[in-house]
Amino acid sequence: MRVLVLVKYTPDLVSDRAFAADGTVDRAAVDGNLSELDEYAVEQALQIAEKGSDVEVTYLTMGPAEATGALRKALSMGGDKGIHVLDDSLHGSDYLSTSLVLAEAIKKAGFDLVITGMASTDGNGGVISAMLAERLGVSQVTLAGEILSVDDSSVTIRRDGDLASMTITGALPAVVSVTDQTGEARYPSFRGIMAAKNKPVETWSLADLGVDAELVGLAGAGTSVESADRRPPRTAGEIVTDDGDGGIKAADFLVSNKLV
Amino acid sequence: MAEVLVLVDHIDGSVRKPTFELLTLANRIGEPSAVFLGAGYSEDARKTLADHGAEKVYVVDSADVTDYLVAPSAEALAAVVAQSSPAAVLLVSSQDGKEIAARLAVKTNSGLITDATDVEASDKGPVATASAFAASWKVSSVATSGTPIITVKPNSADVTEVAGAGTEVRVDVSFSDLAKSAKVSDVRPRAASGRPDLGEASIVVSGGRGLGGAENFAVVEALADALGGAVGASRAAVDAGWYPHPFQVGQTGKTVSPQVYIAVGISGAIQHRAGMQTSKNIIAINKDNEAPIFELADLGIVGDLFKVVPQLTEEIIKRKS
Ligand SMILES: Cc1cc2nc3c(=O)[nH]c(=O)nc-3n(C[C@H](O)[C@H](O)[C@H](O)COP(=O)(O)OP(=O)(O)OC[C@H]3O[C@@H](n4cnc5c(N)ncnc54)[C@H](O)[C@@H]3O)c2cc1C
């Protein structure tokens, strides 16, 4: 079985993340890493590989040169190889164009199962997996809180919806996304980190995928950022130490601000 | 004026409040029409949609929409879009809403904007405002291709009642085999808590690891009940099994923006802040005076939650009576 895990290189959460003048995420300003939410996807893929026989795990990323960092991190956790879609014209791609490029790369790589995180930690959209299922014309089996079973023909998950929890079963090939409820990801071992250095990573350009550059990047985006502004930071208000009347002070605050 | 489609969020035909918020927003940018998918449609549903401004109510009455995940809903909505050529499509930013929007965007090659907290008309079409980077930024965008498709967070608009004609339009959709490729089974609805919905409540009281155990969530629940609010939890509390996941507030849980957010025994990690930072008033109760949650609190009480919270609860009950 060919398992393809999508990984994204995203700015560090605790750094001072910002938008550049063109309305795109300013990647130069901050350090990045493999998106934490993709680590859960890597973990689930590796568990499938450990349980099954003849499972090949490939990581796919799209992003600037430093995005290989996400591939190397994933490869240090396990898996077989990486694919990096790298092309200057991709800068500024939105959901439509990102899903277009990823879908073409997935087709070129070949797959039985695509696994993604529930959302990226920077854009937080959570829409790419559904878009990929639509583009690829395969089953959408998304937002798994648990992967219940996978075999050569189907995948079954538990999806914890807003109003109900349910079981979803889809035929392979399928796109699966996993939430942070699926269980903590393993840490790379020293051996894993060393081994990752020798695992193959291919770089593909848009031309390799046969995608027209006009369909991607800022030029091809279906949305345009009109303005991006930093919110004034929340300023700390009054901090009091409880001297036996902390609860009464809180009640005073609520009443005097007409909040109750 | 061009139609603006609103996908109705409902439970077995009972329309949920975010739908009315979307109709209100749709009214700002065009003529609202509601799209009702799935079983449970009734005259009551039509009337309540009309009372909130829906000129037309498109109905695709089919069990396939609930028997299979997301894809049939996207096909049905696409059929209504093809028939009505709307100026925009608005959906609730729920798990399903976002994924339906995602597939619709691909089907119609349209610009997709997620998690908007406001939508306004402009000469470039609807402008959607959303938060980014744990709500530290505000971004406004427009769609430049196809039909603008916008998912909107609950609580983003005050509901207004305006009469619409509410003309019922039945739409027949025959679903593709592909739309029926992911089967839904064993659906277990969540037990109702009797409290307001977390995403919609004007007061939220959340508990964290500081509670020390599932049984101590009673302290948080008692305060929420005294205030008529909802209960939330940090991921640490959810991971420990003290409170169910649907109540998690934060990056991988719910985003809330209530009038009052009370954080009890929560340190204020960036992933938690992402879900509550835009609350109008924040009260934090924590025994560690260096807890980062105090950086955003309008009122911070440094103290033991087991003393402060019951006292606050008692005081609220006393003052309310
Ligand atoms: C990918 C990812 C996604 C995440 N998503 C989320 C998310 O959606 N939501 C979320 O909340 N977290 C999320 N987290 C986890 C987050 O990083 C923190 O670990 C979590 O928020 C901590 O929860 P806490 O504040 O309850 O616990 P802690 O950080 O342990 O804080 C407990 C606090 O309780 C205080 N305390 C203890 N006893 C008392 C007492 N008796 N009285 C008063 N105060 C007391 C302590 O001083 C401390 O500040 C995520 C993490 C990752 C990696």
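Protein chains in written order, with this note's numbering: chain A, 387 to 646; chain B, 106 to 426.
Even glycine gets a Cβ: it sits at the ideal position worked out from N, Cα and C.
The region 583–598 of chain A makes contact with the region 481–496 of chain A: 3 or more CB pairs, one atom from each, lie closer than 8 Å. DSSP places V361/B outside both helix and strand once states are collapsed to three, so it counts as coil. Between ligand 1 and the CB of G315/B, the shortest heavy atom gap is smaller than 7 Å. Close to G408/B, with beta-carbon spacing below 8 Å, are these residues of chain A in chain order: T627, D628 and G632. Nearest to V257/B by alpha-carbon distance, out of A237/B, S199/B, A226/B and D302/B, is S199/B. Going by beta carbons, K585/A and K459/A fall outside the 8 Å limit.
Annotated three-state conformation of G337/B is strand, per DSSP. Between T396/A and the set V428/A, A453/A and T542/A, the nearest pair of CA atoms involves A453/A. At least one beta carbon of chain A lies nearer than 8 Å to the beta carbon of P294/B. When the beta-carbon positions are compared, V162/B and V274/B come within less than 8 Å of each other. Runs of the beta strand (DSSP E) spanning 3 or more residues and lying entirely within the region 271–323 of chain B occur at 272–275, 287–294 and 308–312, in chain order. The alpha helix (DSSP H) runs of length 4 or more contained entirely in the region 494–537 of chain A are, from start to end of the chain, 514–522. The region 167–183 of chain B makes contact with the region 279–299 of chain B: 3 or more CB pairs, one atom from each, lie closer than 8 Å. Inside the region 120–154 of chain B, DSSP marks whole beta strand (DSSP E) runs of 3 or more residues at positions 136–142, from first to last along the chain. In the structure shown, E490/A adopts helical secondary structure according to DSSP, grouped into three states.
For R572/A, the Cβ stays outside the 7 Å cut-off from all heavy atoms of ligand 1. Going by beta carbons, P191/B and V113/B fall outside the 8 Å limit. In this structure, V416/A lies away from D440/A, with their beta-carbon atoms at least 8 Å apart.
Between the alpha carbons of V140/B and L401/B lies a distance of about 40 Å. For P123/B, the nearest beta carbon of chain A is not closer than 8 Å to its own beta carbon.
Contact annotation, Q356/B with A379/B: C-beta distance approximately 4 Å; criterion of less than 8 Å satisfied. Interface annotation for the region 562–581 of chain A against chain B: T565, D566 and Q567, criterion Cβ-Cβ distance under 8 Å. Taking a 10 Å sphere around the C-beta of R413/A, we find 16 or more other C-beta atoms and assign the residue as buried. At least one CB of chain A lies nearer than 8 Å to the CB of D291/B. Distances from the CB of L645/A to the heavy atoms of ligand 1 are all 7 Å or more.
Scanning chain B for C-beta atoms nearer than 9 Å to the C-beta of M552/A yields L174, V289, S290, D291, V292 and R293, reported in chain order. Think of a sphere of 7 Å around the beta carbon of V646/A: the chain B residues whose beta carbon falls inside it are L332 and I421, in chain order. Counting C-beta atoms within 10 angstroms of its own C-beta, A235/B has 16 or more neighbours from the protein chains shown and is therefore classed as buried.
Membership of V264/B in any beta strand (DSSP E) is not indicated, and neither H nor E is assigned to it by DSSP.
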